[in-house]
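Below is one structure; the comments refer to it alone.
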Amino acid sequence: MESLNEGKDWTTNIIPDYAKYAIAIRAPTLAEQKAAVKRVSPCLEASALATGCTSKITKREYLYDLRQNEALGEELANVVKARYGRVDYVWGIANASTNFVFLDWEFWSVAE
Numbered sequence: 001m002e003s004l005n006e007g008k009d010w011t012t013n014i015i016p017d018y019a020k021y022a023i024a025i026r027a028p029t030l031a032e033q034k035a036a037v038k039r040v041s042p043c044l045e046a047s048a049l050a051t052g053c054t055s056k057i058t059k060r061e062y063l064y065d066l067r068q069n070e071a072l073g074e075e076l077a078n079v080v081k082a083r084y085g086r087v088d089y090v091w092g093i094a095n096a097s098t099n100f101v102f103l104d105w106e107f108w109s110v111a112e
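For the sequence shown, full-length UniProt numbering assigns the number 112 to the last residue and increments by one with no breaks.
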């Protein structure tokens with residue numbers, strides 16, 4: 001999972017009047033991704049409830065099973081090596097990732 005927060009007037013431990021939380025749930029296959037979304041969604045809804053916020057969930061289109069193409073991958077590796085030198089697998093690419101799906105979450109704080 002990875003996420004991105006968006007909004008305005010942020011301060012520590014305070015949810016502003018408008019906050020948007022975009023989250024990507026990733027998995028190697030579509031079936032695993034759908035299962036993860038099914039497990040994660042209630043947790044995110046509960047977090048909104050626990051913080052006194054309302055939530056609006058917008059699910060975007062799923063991206064289907066990722067299939068690696070060895071020939072294209074090798075060609076890309078050749079281009080990258082030619083332009084930038086060798087790949088440092090320990091530091092430079094060890095944590096690289098691909099996004100598989102995005103869910104948009106919008107949280108509004110409760111006005112008192």
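In this text, a Cβ means the ideal position worked out from N, Cα and C, and glycines have one as well.
> How would you call Ala-50, buried or exposed, if buried means at least 16 neighbouring beta carbons within 10 angstroms?
Replying inline: As a position in the sequence shown, residue 50 is number 50, starting the count at 1. Exposed is the call here.
> Rounded to a whole number of angstroms, what is the C-alpha to C-alpha distance between Leu-103 and Leu-72?
Replying inline: For the purposes of this step, residue 103 is taken as residue 103 along the sequence shown, with counting starting at 1. For the purposes of this step, residue 72 is taken as residue 72 along the sequence shown, with counting starting at 1. Confidence is the limiting factor: at Leu-103 the pLDDT is only 48, short of 50, which leaves the residue's position unreliable, though a coordinate-based value still follows. Going by the C-alpha atoms only, they are around 29 Å apart.
>> Are the CB atoms of Ser-41 and Ala-48 within a distance shorter than 7 Å?
In response: Mapped onto the sequence shown, residue 48 falls at position 48. Mapped onto the sequence shown, residue 41 falls at position 41. Between Ala-48 and Ser-41, the gap from beta carbon to beta carbon reaches 7 Å or more.
> Taking the alpha carbon of Ile-23 as the point to measure from, which residue in Ala-31, Ile-15, Leu-44, Arg-83 has its own alpha carbon closest?
Replying inline: As a first step, residue 23 must be located in the sequence shown, where it is residue number 23. When each option's Cα is compared against that of Ile-23, the closest is Leu-44.
> Which term fits Tyr-18, buried or exposed, when burial requires 16 or more other beta carbons within 10 angstroms of its beta carbon?
Replying inline: As a first step, residue 18 is located in the sequence shown; it is residue number 18 there, counting from the start. Sixteen is the threshold: since fewer than 16 other Cβ atoms of the shown chains lie within 10 Å of the Cβ of Tyr-18, the residue is exposed.
> Just curious, the alpha helix (DSSP H) that Tyr-84 is in, first and last residue?
Replying inline: Against the sequence shown, residue 84 aligns to sequence position 84. Segment 70-84, the alpha helix (DSSP H) holding Tyr-84.
>> Suppose the cutoff is 7 Å on Cβ atoms and the five residues either side in sequence are ignored; what does the same chain contact list for Trp-10 look like?
In response: Against the sequence shown, residue 10 aligns to sequence position 10. Only residues of its own chain outside the window of five on either side were considered, and among them Pro-16 have a CB closer than 7 Å to the CB of Trp-10, listed in chain order.
> In the DSSP assignment, what are the bridge partners of Gly-7?
Replying inline: For the purposes of this step, residue 7 is identified with residue 7 of the sequence shown, where counting begins at 1. In the DSSP output, where bridge partners are listed per residue, Gly-7 has Ala-19.
> For Gln-68, is the classification buried or exposed, using 16 other Cβ atoms within 10 angstroms of its Cβ as the cut-off for buried?
Replying inline: For the purposes of this step, residue 68 is taken as the residue at position 68 of the sequence shown. Exposed, by the Cβ-count rule.
> For Ala-27, which three-state DSSP category applies?
Replying inline: Taking the first residue of the sequence shown as 1, we reach residue 27 at position 27. Looking at Ala-27 - three-state DSSP - the assignment turns out to be coil, as it is neither helix nor strand.
> How close, in whole Å, do the beta carbons of Ala-27 and Ala-36 come, if the pair is a contact with beta carbons under 8 Å?
Replying inline: Within the sequence shown, numbered from 1, the residue matching residue 27 stands at position 27. Within the sequence shown, numbered from 1, the residue matching residue 36 stands at position 36. Between Ala-36 and Ala-27 the Cβ distance is about 5 Å, and since that is below 8 Å, they are a contact.
> Between the C-alpha atoms of Leu-6 and Lys-20, what's the straight-line distance to the nearest angstrom?
Replying inline: The count along the sequence shown starts at 1 and reaches residue 6 at position 6. The count along the sequence shown starts at 1 and reaches residue 20 at position 20. For clarity, residue 6 is Glu in the given sequence; the question names Leu instead. Between Glu-6 and Lys-20, the C-alpha separation is close to 5 Å.
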